[in-house]
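Here's the structure we're looking at; comments come further down.
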Amino acid sequence: MLAGDKNMLEVNNLFNQIERGSYLKTFQPDNKNIEALADTWNNYLKTLHEAIAESNTAKQVAQRDYEKVQALAIAWEKQMQVALTNSSEKEVHQALAHKQIYTARARQLKTLVERHIIHISTLKTQLAYWENQPYSQVS
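Next comes the structure, spelled out in structure tokens:
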């Protein structure tokens, strides 16, 4: 769990209460409460922005790694084709083993990239939702 995730979960719980109305039913507005709510609100939105940025960075790193590993898998495929034309069974087996390793790793990285894309989309949806709430103008 990322450092900001814990704070975001705590703040998310508060805003889930607000969304259900349970917090607002007992909320007695005064300057102190409004300031506290505004601070909490701003921290929550800031945390969402940070989580999006962190996940986007992680996605970019995974994408870069995927491209490198995929290129290695392709290179080993070519090496295997060369070994096949040269009738070098040992080199074919070696190239095939490397190709399989890099292909499997590329698949894992591609899955990771796709998960980051979904995560970023979810966070952006949450951010858009919360930024468009009437109480988002508290501050």
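Going left to right, the sequence shown walks through residues 1296 to 1434 as the working numbering numbers them. Note that the Cβ used here is the ideal one computed from N, Cα and C, for glycine as well.
Since residue i and residue j are thought to touch, with beta carbons under 8 Å apart, how far apart are those beta carbons, to the nearest angstrom?
{"i": "K1394", "j": "E1372", "result": "5 Å"}
{"i": "H1411", "j": "K1363", "result": "Not a contact, Cβ separation roughly 17 Å."}
{"i": "Y1397", "j": "A1368", "result": "4 Å"}
{"i": "L1343", "j": "Q1421", "result": "6 Å"}
Please classify residue i: is it buried, with 16 or more other beta-carbons within 10 angstroms of its beta-carbon, or exposed?
{"i": "G1316", "result": "Residue placement at G1316 is poorly supported in this model, since its pLDDT is 49, which falls under 50; the coordinates still yield a value, given next. Exposed, since its Cβ has fewer than 16 Cβ neighbours within 10 Å."}
{"i": "T1406", "result": "exposed"}
{"i": "E1426", "result": "exposed"}
{"i": "S1382", "result": "exposed"}
{"i": "Y1424", "result": "exposed"}
{"i": "A1392", "result": "exposed"}
Relative to the C-alpha of residue i, which residue among the options is closest?
{"i": "R1402", "options": "A1390, S1382, Q1365, R1359", "result": "Q1365"}
{"i": "S1416", "options": "I1329, K1341, I1347", "result": "I1347"}
{"i": "Y1361", "options": "K1341, T1335, A1390, L1404", "result": "L1404"}
{"i": "Q1374", "options": "E1345, K1419, N1328, A1390", "result": "A1390"}
{"i": "R1400", "options": "R1359, A1378, K1341", "result": "R1359"}
{"i": "L1418", "options": "A1370, N1351, Q1376", "result": "N1351"}
{"i": "H1435", "options": "H1388, V1387, E1349, A1370", "result": "Only positions 1296 to 1434 of the chain appear in the structure, and residue 1435 is not among them; the question remains open."}
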